[in-house]
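J.: If you use UniProt numbering, the sequence shown corresponds to residues 1 to 363, in order. Each residue gets a CB set at the ideal place from its N, CA and C atoms; glycine is no exception. Keep in mind it's a predicted model, so treat the numbers as computed, not measured.
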Amino acid sequence: MAGSSLGRQVDAVVLVGGKGTRLRPLTLSAPKPMLPTAGLPFLTHLLSRIAAAGIEHVVLSTSYQAQVFEAEFGDGSKLGLQIDYVTEAEPLGTGGGIANVADRLRHDTVMVFNGDVLSGADLGQLLEFHRANRADVTLHLVRVGDPRAFGCVPTDEADRVVAFLEKTQDPPTDQINAGCYVFERNVIDRIPRGRLVSVEREVFPALLSDTDVKVCGYVDATYWRDMGTPEDFVRGSADLVRGIAPSPALHGHRGEQLVHDGAAVSPGAVLIGGTVVGRGAEIGPGVRLDGAVIFDGVKVEAGSVIERSIIGFGARIGPRALIRDGVIGDGADIGARCELLRGARVWPGVAIPDGGIRYSSDV
Numbered sequence: 001m002a003g004s005s006l007g008r009q010v011d012a013v014v015l016v017g018g019k020g021t022r023l024r025p026l027t028l029s030a031p032k033p034m035l036p037t038a039g040l041p042f043l044t045h046l047l048s049r050i051a052a053a054g055i056e057h058v059v060l061s062t063s064y065q066a067q068v069f070e071a072e073f074g075d076g077s078k079l080g081l082q083i084d085y086v087t088e089a090e091p092l093g094t095g096g097g098i099a100n101v102a103d104r105l106r107h108d109t110v111m112v113f114n115g116d117v118l119s120g121a122d123l124g125q126l127l128e129f130h131r132a133n134r135a136d137v138t139l140h141l142v143r144v145g146d147p148r149a150f151g152c153v154p155t156d157e158a159d160r161v162v163a164f165l166e167k168t169q170d171p172p173t174d175q176i177n178a179g180c181y182v183f184e185r186n187v188i189d190r191i192p193r194g195r196l197v198s199v200e201r202e203v204f205p206a207l208l209s210d211t212d213v214k215v216c217g218y219v220d221a222t223y224w225r226d227m228g229t230p231e232d233f234v235r236g237s238a239d240l241v242r243g244i245a246p247s248p249a250l251h252g253h254r255g256e257q258l259v260h261d262g263a264a265v266s267p268g269a270v271l272i273g274g275t276v277v278g279r280g281a282e283i284g285p286g287v288r289l290d291g292a293v294i295f296d297g298v299k300v301e302a303g304s305v306i307e308r309s310i311i312g313f314g315a316r317i318g319p320r321a322l323i324r325d326g327v328i329g330d331g332a333d334i335g336a337r338c339e340l341l342r343g344a345r346v347w348p349g350v351a352i353p354d355g356g357i358r359y360s361s362d363v
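1) Would G284 and V270 be called neighbours here (beta carbons separated by less than 9 Å)?
2) Return the CA-CA distance between V68 and L289, expressed in angstroms with no decimal places.
3) One question on the structure: do E88 and G95 come within less than 9 Å of each other, judged by their Cβ atoms?
4) Determine the DSSP secondary structure at P33, reduced to helix, strand or coil.
5) Between which two residues does the beta strand (DSSP E) containing L43 stretch?
6) Assuming the contact rule is C-beta atoms closer than 8 Å, A321 and G349 should be a hit. Round their C-beta distance to whole Å, please.
7) For a quick check, are the C-beta atoms of I334 and R345 less than 9 Å apart?
8) Buried or exposed: where does G343 fall if 16 or more other Cβ atoms within 10 Å of its Cβ makes it buried?
9) Could you say which of N114, P91, G318 and L40 lies nearest to G194 if we only look at CA atoms?
10) Helix, strand or coil: which one does DSSP assign to N114?
11) In terms of residue numbering, what span does the alpha helix (DSSP H) encompassing G97 cover?
12) Just the C-alpha distance for R337 and P31, rounded to the nearest angstrom, thanks.
13) Whose C-beta lies closer than 7 Å to the C-beta of D354 among residues of the same chain, with five residues either side of it excluded?
14) Just confirm the distance between the C-beta atoms of A178 and V117, as a whole number of angstroms; I'd bet it's less than 8 Å.
15) Would DSSP call E339 helix, strand or coil?
16) Skipping 5 residues on each side, what residues in its chain have a beta carbon closer than 6 Å to that of R131?
17) Using the Cβ count rule (16 or more neighbours within 10 Å means buried), how would you classify G312?
18) Is the beta carbon of R185 sitting closer than 9 Å to the one on D108?
19) Please tell me whether V59 has its Cβ less than 9 Å away from any Cβ of chain B.
20) Using DSSP's beta-bridge definition, name the partner residues of D290.
21) For the alpha helix (DSSP H) containing A163, list its first residue and its last residue.
See the structure below:
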């Protein structure tokens, strides 16, 4: 994705107001876009892609724990960006969130992102497609192997969107809404302000009925993942570590593991599957981490096994514990020989005694 002069004539808006309830308990202490993903706040990866496309001005539309974003990114200069912040007093939805930031926009073309999507789309090509087609709105549409879990967006031979379809067991296309859009300012000005508005359910269907508005679909098959569930969060983080999902913020890193500065990994520990170990974490001897997301300050003691799981800030995992497909909240203390399987979630600060939860009968 190469930066272009087109990007300098475009604003970016990132919608980051959601509460991330499906990722609780991790999102009790931080908004979903700020959770460490491959060791960096998830939003850092998106902002780095925006900067790489040549876009300079970004507006973050915030709501839940809004102050956390400005504390991390400031004016954006560290990323080569100029960042403004607009906070919703009450959640306004995707469409309402776009309309709510209109007064901060500087340009007539605006690229809008859902703040919880990990994507490999070439933003420069998306902008060029939008301009070449003289579109009023362009949606990034991604082809997926099984579109039944999503609403589909078919397009015609001229790349114009023809419908927005709900989930069905027999979808007519494999194209789905990827959560990235290019708007011309005149369309944004038509979105109602001050109330809850869904861009997917209200704005886009209304635009299709207006013959004066051209709505196009830019279709590709690049990397795409909605990071809303623990399973997708773990897979997305691992894909970043392994270089499957692109992020300029990782400066070309590609491998089975990513150990950040200040972490200590004992000899004999095995780190595979795109595992990431955060700053100041301690990984003991004989530990096996496979596709694990280890936040900063975590202590994993000797012989423990963690697979496809997220371990929150400052948690301790006792010796010979097994955690598989689990989420451990910040500061939790998991005793020796505990077994937490099949989507177990432990809330922040909870202590489980040695052997307190097991699925096997041996001790």
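T.: Reading it off the structure:
1) Taking the first residue of the sequence shown as 1, we reach residue 284 at position 284. Taking the first residue of the sequence shown as 1, we reach residue 270 at position 270. Their beta carbons are not under 9 Å apart, which means G284 does not touch V270 by this criterion.
2) The residue you call residue 68 lines up with position 68 of the sequence shown. The residue you call residue 289 lines up with position 289 of the sequence shown. Within the model, the alpha-carbon separation for V68 versus L289 is close to 30 Å.
3) Numbered from 1 along the sequence shown, position 88 holds the residue referred to as residue 88. Numbered from 1 along the sequence shown, position 95 holds the residue referred to as residue 95. At a Cβ-Cβ threshold of 9 Å, E88 and G95 do not count as neighbours.
4) Stepping through the sequence shown from its first residue, residue 33 is reached at position 33. The answer is helix: DSSP assigns P33 an H, G or I state.
5) The residue you call residue 43 lines up with position 43 of the sequence shown. DSSP places L43 outside any beta strand (DSSP E); the residue lies instead in the alpha helix (DSSP H), whose first and last residues are F42 to A52.
6) In the sequence shown, residue 321 corresponds to position 321, counting from 1. In the sequence shown, residue 349 corresponds to position 349, counting from 1. Contact flag wrong, Cβ pair sits at about 17 Å.
7) Stepping through the sequence shown from its first residue, residue 334 is reached at position 334. Stepping through the sequence shown from its first residue, residue 345 is reached at position 345. At least 9 Å separates the beta-carbon of I334 from that of R345.
8) The sequence position of residue 343 within the sequence shown is 343, counting from 1. The residue is exposed, with fewer than 16 neighbouring Cβ atoms inside 10 Å.
9) Stepping through the sequence shown from its first residue, residue 194 is reached at position 194. Per the Cα distances, P91.
10) Within the sequence shown, the letter at position 114 stands for residue 114. In the structure shown, N114 sits in a strand (DSSP, three-state: E or B).
11) As a position in the sequence shown, residue 97 is number 97, starting the count at 1. Run containing G97: G93 to N100, per the alpha helix (DSSP H) assignment.
12) For the purposes of this step, residue 337 is identified with residue 337 of the sequence shown, where counting begins at 1. For the purposes of this step, residue 31 is identified with residue 31 of the sequence shown, where counting begins at 1. Between the alpha carbons of R337 and P31 lies a distance of about 32 Å.
13) Position 354 of the sequence shown, counting from 1, holds the residue named residue 354. Here the set comprises G318, G335, A336 and R337.
14) For the purposes of this step, residue 178 is identified with residue 178 of the sequence shown, where counting begins at 1. For the purposes of this step, residue 117 is identified with residue 117 of the sequence shown, where counting begins at 1. Yes, they are in contact, since the Cβ atoms of A178 and V117 sit about 7 Å apart, within 8 Å.
15) For the purposes of this step, residue 339 is taken as residue 339 along the sequence shown, with counting starting at 1. Strand at E339.
16) Here residue 131 refers to the residue found at position 131 when the sequence shown is read from its first residue. Excluding sequence positions up to five before and after R131, its CB lies less than 6 Å from no other CB in the same chain.
17) Residue 312 sits at position 312 when you count from the first residue of the sequence shown. Buried is the call here.
18) The sequence position of residue 185 within the sequence shown is 185, counting from 1. The sequence position of residue 108 within the sequence shown is 108, counting from 1. For R185 and D108, yes; Cβs fall inside 9 Å.
19) Considering every chain present, this structure includes no chain B. It has just one protein chain.
20) As a first step, residue 290 must be located in the sequence shown, where it is residue number 290. D290 has I272 and E307 as its beta-bridge partners, per DSSP.
21) Along the sequence shown, read from residue 1 onward, the residue named residue 163 stands at position 163. That residue, A163, is in no alpha helix (DSSP H); it is neither H nor E in DSSP.
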